[in-house]
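Here the structure comes first, spelled out in structure tokens, and everything after it is commentary.
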Amino acid sequence: MGDNYFAVVMCGVSELIGNMVYEGVGRYNAKFNAYETSVSGVGYRITDFEKDGWWPRNINYQGIGKILLGANDYRVQLVKTGPITAAGVLSGEIGTIRVLDHGGLVAARVSFNGGLPIRPTVPTCTIQKKRLDIGLGEVSLVQLERSGGSDYKPFSIDLQCSGGSTGASTRMFITLTDSTNPGNRGNRLTLSSKGSTAAKGVAVEIRRADDSMVSFGPDSKITGNPNQWFVGQFGNTSTSIPLRARYVTTSSPLAAGQANAAATFTMSYQ
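Residue numbers (the numbering used here): 247 to 516.
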């Protein structure tokens with residue numbers, strides 16, 4: 247694992263090589279004696295067989311020449327340092343040998359040949375109830391005119407996450423889409439009721455647990471979908487997304503009638 251090379255470090259007749267440091271690339275995590283990688287929760291240790299122990303290591307070489315052998319003389323060990331939330335690829339340089347007493351000269355580099363894929367088993371989540379019917383009840387025109395909206399009705403989207411490796415987790419995102427008007431990117435859910443029996447001047451508002459209003463987006467699970475929001479990071483557990491809905495006034499005059507609306511939700515795991 248690593249690029250092959252055959253290097254010789256030579257100094258002048260009267261100069262010693264002196265202090266050398268063997269170290270990995272990236273931030274060092276002393277708790278795990280490992281270097282961080284671009285994959286969250288995955289670190290690596292590296293060593294050569296010249297001396298026991300993982301890098302970093304300093305030596306003081308009292309000679310004017312030193313041979314550094316090829317990639318087969320190095321060992322790399324992957325270390326789980328935290329929750330592994332997504333797959334990734336380890337590639338590029340992972341270690342160097344530098345001669346400190348000669349300007350930090352890099353005498354050798356250790357790299358992965360190609361890429362090393364990391365494919366953790368992260369939890370998958372099942373929606374407990376795919377259809378939710380939320381009754382907002384009958385609301386008087388007087389209440390709507392005075393307060394601008396009805397009382398909130400709470401509901402939740404419940405999920406069960408399982409099948410992940412111990413300690414693994416998944417980052418959960420969600421988008422709500424206006425079923426009547428899929429191009430709606432605002433925060434008012436369009437009424438589906440039509441005709442002479444439909445209410446006029448009202449829409450439905452949905453709020454999240456932090457009291458922020460839900461804005462609607464396309465029915466898509468792609469990363470960065472418009473008005474997609476981060477729900478949380480979850481392992482093998484059950485979780486709920488608490489929401490609440492109410493009628494709100496949008497224009498005047500108001501007219502009594504049926505005021506039904508519908509939205510779909512799309513989960514995205516990143």
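Note that beta-carbon positions come from the ideal geometry of N, C-alpha and C, so glycine has one too.
Assigned secondary structure, Ser402 (DSSP; H/G/I helix, E/B strand, else coil)
Strand, per DSSP.
Hey, which unbroken runs of the alpha helix (DSSP H) at 4 residues or more fall wholly within the region 367-454?
Fully enclosed alpha helix (DSSP H) runs of 4 or longer: 387-393.
Taking 7 Å as the limit between beta carbons, can you name the residues of its chain near Leu351, skipping five residues before and five after?
Within the same chain, Leu351 has close Cβ partners Arg344, Val345.
Flag this pair as yes or no: are the beta carbons of Gly447 and Thr495 separated by less than 7 Å?
Yes, they are a contact pair.
Ala276: buried (16+ other C-beta within 10 angstroms of its C-beta) or exposed?
It is exposed - the Cβ of Ala276 has fewer than 16 other Cβ atoms within 10 Å.
Taking the alpha-carbon positions, what's the Leu382 to Arg417 distance?
Each residue's Cα considered, the two are about 31 Å apart.
Can the beta-carbon of Gln474 be found closer than 7 Å to that of Thr421?
In this structure, Thr421 lies closer than 7 Å to Gln474 by Cβ.
Decide if Trp434 is buried, meaning its Cβ has at least 16 other Cβ atoms within 10 Å, or exposed.
According to the sequence displayed, residue 434 carries Arg and not Trp. Arg434 counts as buried, since at least 16 other C-beta atoms from the protein chains shown sit within 10 angstroms of its C-beta.
Near Ser498, what residues of its chain come up, given a Cβ to Cβ distance below 7 Å and the 5 sequence neighbours on each side ignored?
For Ser498, where only same-chain residues beyond five positions count, the Cβ hits under 7 Å are Gly447.
Taking only the alpha-carbon atoms, compute the straight-line gap between Ser284 and Thr510 and give it to the nearest angstrom.
Annotation: Ser284 to Thr510 spans about 35 Å, alpha carbon to alpha carbon.
Examine the Cβ distances between the region 363-378 and the region 298-308 and report whether three or more of them are shorter than 8 Å.
No: the two stretches stay apart, fewer than three of their Cβ pairs being nearer than 8 Å.
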